[in-house]
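Numbering follows the numbering used here, in which position 35 of the sequence shown is assigned residue number 26; successive positions increment by one, without gaps.
Contents: one structure, followed by commentary.
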Amino acid sequence: MDLTNRTDIKNLLEKYGAKPEKYLGQHFLLSKRALRQMVGAADIQKSDTIVEIGPGLGVLTQELAKTGARVIAIEKDILMNKILQETLADDKNASVTQADARKINWDDISTLCPQIRVGPTYEARPTRQCKYKIVANLPYNIANFLIRNWLESKNQPERIVVMVQKEVARRICPPTPRLRRAGAKQPKMNLLAVSVQFFAEAKIINYVPAEVFWPKPKVDSAILLITPYSKGRNNSPWQIIAAQSEKFKKRFFEILKAGFSQPRKQLAGNLVKKLPSLRSGASAGKKISREKIITIFKDLDISEKTRAENLSIDNWILLTKNI
């Protein structure tokens, strides 16, 4: 059975009385090249634990299992779980858990103990605070939520390789120096893009056209590689190294969420209306004034009429240091 073949996919679904569920964002990947690129970008070792979200029929799971690493696939759909017992029957190092990935406690991935064992029993390893990687063709409707959860967790993945909407990936990844020299502009930022750039380095591996999925989605996709910064690593920007304290991180995201609370409104107004009270000093318990915000903006060379989408990660970090 070839899980990248439309006919084989349709026959398999018909056998189980299943169909692609739109509300679950089920689009089956047909490109062997894209599968190879995702597995390659993850740089998988046999000693790794790989977590996959939304395996569907198991086409990516099979490729991941070939690496010899332990693979834990998390699938919400009951029918897909039944199908996976067939398609992964020969992959002893792959297991499937029926669960909603949005409800998993990523701080402690011992919660991923598989409820469904596929194939011969595979020796369980302790997973509490263990190193793990995420490789997944994510349902578009939960991609932003999951990526932020992974990066904000106390036990971040070593590496995240995900298929997401093309425009989401382009917004997350700043233009390379070569593209900037060619005139490429920084895409307008959003809450996810700033969050990713705060915690990690992001890179687009390749674009994947809608035509290589069935059913065909309305938009093209991209394979996105996200590598979290380790504290104190030399490849971390100086601003990130300086922003490692939990206190700074908490304030950073308070300011960020306030700034993006109404994305089409001016940033200064959002901060005045939504920013929580200052935490210490003589101004404790008071809201920050618009005059204070404008003064800070001028000091940082930020236009008082700017929107949150126009600020870079550097701007947000400097803003946090000054508010």
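Positions of the beta carbon are idealized from the N, C-alpha and C atoms, including for glycine.
All values derive from a computational prediction rather than experimental measurement.
Rank the options by C-alpha distance to the C-alpha of residue i and give the top, closest one.
i, options, result
"Y220", "D99, I65, N146", "N146"
"Q28", "I214, L262, K264, V42", "I214"
"V30", "A9, G59, G8", "G59"
"A85", "E66, R93, D91", "E66"
"T297", "R93, F251, I308, I133", "F251"
"P11", "F244, K209, W205", "W205"
"I41", "A64, G47, A80", "A64"
"P178", "A193, I195, N197, E158", "E158"
"S280", "L309, A25, I314, Q257", "I314"
"L48", "V62, I284, Q76, D34", "Q76"
"V210", "I69, R24, Y131", "Y131"
"N140", "N306, R(-3), S236, A92", "A92"
"A193", "M180, V152, E202", "V152"
"N(-4)", "K278, K283, E282, V203", "V203"
"D34", "L216, L142, A201", "L216"
"E143", "K277, A259, D99", "D99"
"P267", "P208, K277, S38", "K277"
"F244", "P208, I308, A201", "I308"
"P13", "G260, Q253, P208, I284", "The question names Pro, but residue 13 is Lys in the sequence shown. Ranking G260, Q253, P208, I284 by Cα distance to K13 puts P208 first."
"F19", "V199, K94, A80", "V199"
"E43", "A259, L129, K6", "L129"
"K289", "A259, L15, Q253, Y7", "A259"
"L15", "I133, M(-8), K23", "I133"
Would you call the CB atoms of residue i and residue j closer than 9 Å?
i, j, result
"L4", "I74", "yes"
"T218", "R162", "no"
"L182", "K248", "yes"
"A332", "L51", "This structure gives no information on residue 332, because the portion of the chain shown stretches from -8 to 314."
"L(-6)", "Q89", "no"
"I138", "C164", "no"
"L291", "L262", "no"
"N72", "V62", "no"
Quick one: using the 10 Å Cβ neighbour count with 16 as the cut-off for buried, is residue i buried or exposed?
i, result
"M154", "buried"
"G45", "buried"
"N135", "buried"
"I125", "buried"
"Y123", "buried"
"V185", "buried"
"R255", "exposed"
"I69", "exposed"
"T286", "exposed"
"S294", "exposed"
"N96", "exposed"
"A299", "buried"
"S236", "exposed"
"D82", "buried"
"T78", "buried"
"N2", "exposed"
"Q17", "buried"
"Q156", "buried"
"A56", "buried"
"P148", "buried"
"S212", "buried"
"M327", "There is simply no residue 327 to check, as the chain begins at -8 and stops at 314 in what is shown."
"D(-1)", "exposed"
"D39", "buried"
"N306", "buried"
"E282", "exposed"
"A80", "exposed"
(Q) For the pair the region 175 to 190 and the region 234 to 250, tell me if three or more CB-CB distances fall below 8 Å. (A) Yes: the two stretches touch, three or more of their Cβ pairs being nearer than 8 Å.
(Q) Going residue by residue through the region 62 to 109, where are the continuous alpha helix (DSSP H) segments of at least 4 residues, counting only ones entirely within it? (A) The region 62 to 109 contains, as complete alpha helix (DSSP H) runs of 4+ residues, the segments 69 to 78 (chain order).
Q. Where in the region 130 to 163 do unbroken runs of the alpha helix (DSSP H), each at least 4 residues long, occur, reported from the N-terminal end onward?
A. Runs of the alpha helix (DSSP H) inside the region 130 to 163: 131 to 143, 157 to 163.
Q | 3 or more residues per run - each beta strand (DSSP E) lying fully within the region 33 to 63 | A | Qualifying beta strand (DSSP E) stretches, in chain order: 40 to 44.
(Q) List, from N- to C-terminal side, the alpha helix (DSSP H) runs of 4 residues or more that fit wholly inside the region 245 to 270. (A) For the region 245 to 270, the continuous alpha helix (DSSP H) assignments of 4+ residues that do not extend past its boundaries occur at 258 to 265, in sequence order.
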